[in-house]
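The structure under discussion appears below in the form of structure tokens.
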Amino acid sequence: MAVTTNLIEDNKMNERVSTVVNDIVDGVRAALIKNNVSFDEYRAGFMHLIGTAENHEIPLLVDMFFNQTICDIEMKNRKGTRSSVEGPYFMEGAPWVDEKANVCGDNVEPLLVRGVVTDTNNQPIPGVELDLWWANPEGKYSGYTDELPKEYFRCKVKTDDEGKYSVMASMPMEYPITTERHVHTGKLLEMLGRQGMRTKHLHQKYRKDGYCTLTTQAYFEGASYLDADPVEAVVDELVYRLSDENGVAVLQLETQLDAV
Ligand code: MBD
Ligand code: FE
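Residue numbering for the sequence shown follows our numbering, starting at 28 and increasing by one per position.
Take a look at the structure:
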């Protein structure tokens, strides 16, 4: 009788995928065994996941549990400013702006974002492409509906010869992972006994050839939900104190990029 094996030819196998996926499967199996999970519970979890997928919440769900872990791993491999989750709402193709980002609608509160980007020897880096994106006063990110196109509440700026930039943006709103849009993720957070508001945050992505791309966020001292982030991405060194200039809130960022 022929001997069969479940291994196919070597050249079709991906070592990396095999290693990581097998470890993930082992981890999940261990959790099921440890908790004596029944078939009905297994099915209930499965159906919850299907609902999450059908409502397009997979990016949110996966980022909520695992994106910050990837950031923490990244920090073991490079120096410079800490990364923080990209989250589900980054979008390529934000408009380049000069001094002022596009905002619209009611209750927009100005936030002047100023910054300097340096290398790990504190030398300024000119020509860094910086993407900024944040939630509007309704707690929504642009680019997902016709009413709020991606030209608003996100922008791109470039650092000058001194590694500096300055742009008038607007104060980010807290982001609720509790609305109809995310019922499944919200419900899961509820069952986990966790609150679902992301504290105010300004997303940033810094890119320049020769440097490690940095994706991070700025958080605001004294803001609500700072200590209860549902995606566990708030760290002290990314919490900034705003200053006031003629009644306008100013966020002064200092960012270090590591060379590749
Ligand atoms: C957000 O705005 C966000 O940044 C993350 C990581 C998850 C959900 C909403
Ligand atoms: Fe966000």
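By construction, the Cβ of each residue, glycine as well, lies at the ideal position given by its N, Cα and C atoms. Quick caveat, the model's predicted, so the values are computed rather than measured.
Q | ligand 3 heavy atom lying under 7 Å from the CB of Y252 | A | With respect to small molecules bound, the structure shown includes ligand 1 and ligand 2 and not ligand 3.
Q) How about the segment 205-213 and the segment 78-95: do they share at least three Cβ pairs that are nearer than 8 Å? A) Here the segment 205-213 lies against the segment 78-95, with 3 or more beta-carbon pairs under 8 Å apart.
Q: Look at the alpha carbon of C239 and the alpha carbon of R70, and state the distance between them as a whole number of angstroms.
A: 42 Å
**Q.** T46 classed as buried or exposed, judged by whether at least 16 other C-beta atoms fall within 10 angstroms
**A.** exposed
Q: Output the distance between the C-alpha atoms of M102 and T206, rounded to the nearest integer angstrom.
A: 33 Å
Q.
Nearest by alpha-carbon distance to W302: which of D125, M198, T147, C98 is it?
A. This structure leaves residue 302 out entirely; the chain is present only between 28 and 287.
Q.
Helix, strand or coil, according to DSSP, for P137 in the structure here?
A. strand
Q | Heavy atom of ligand 2 within 7 Å of G114 beta-carbon | A | Yes, the beta carbon of G114 sits closer than 7 Å to at least one heavy atom of ligand 2.
Q. When every heavy atom of ligand 2 is checked, does at least one fall within less than 7 Å of the C-beta of H230?
A. yes
(Q) Which residue wins for smallest C-alpha separation from L138, given the options N41, R43, M195, D254? (A) M195
Q: Take G154 as the anchor and find which of V64, I60, D236 has the nearest alpha-carbon.
A: D236
Q: From the DSSP output, read off the bridge partner residues of C182.
A: L159
Q. R234 by DSSP, collapsed to three states: which one?
A. strand
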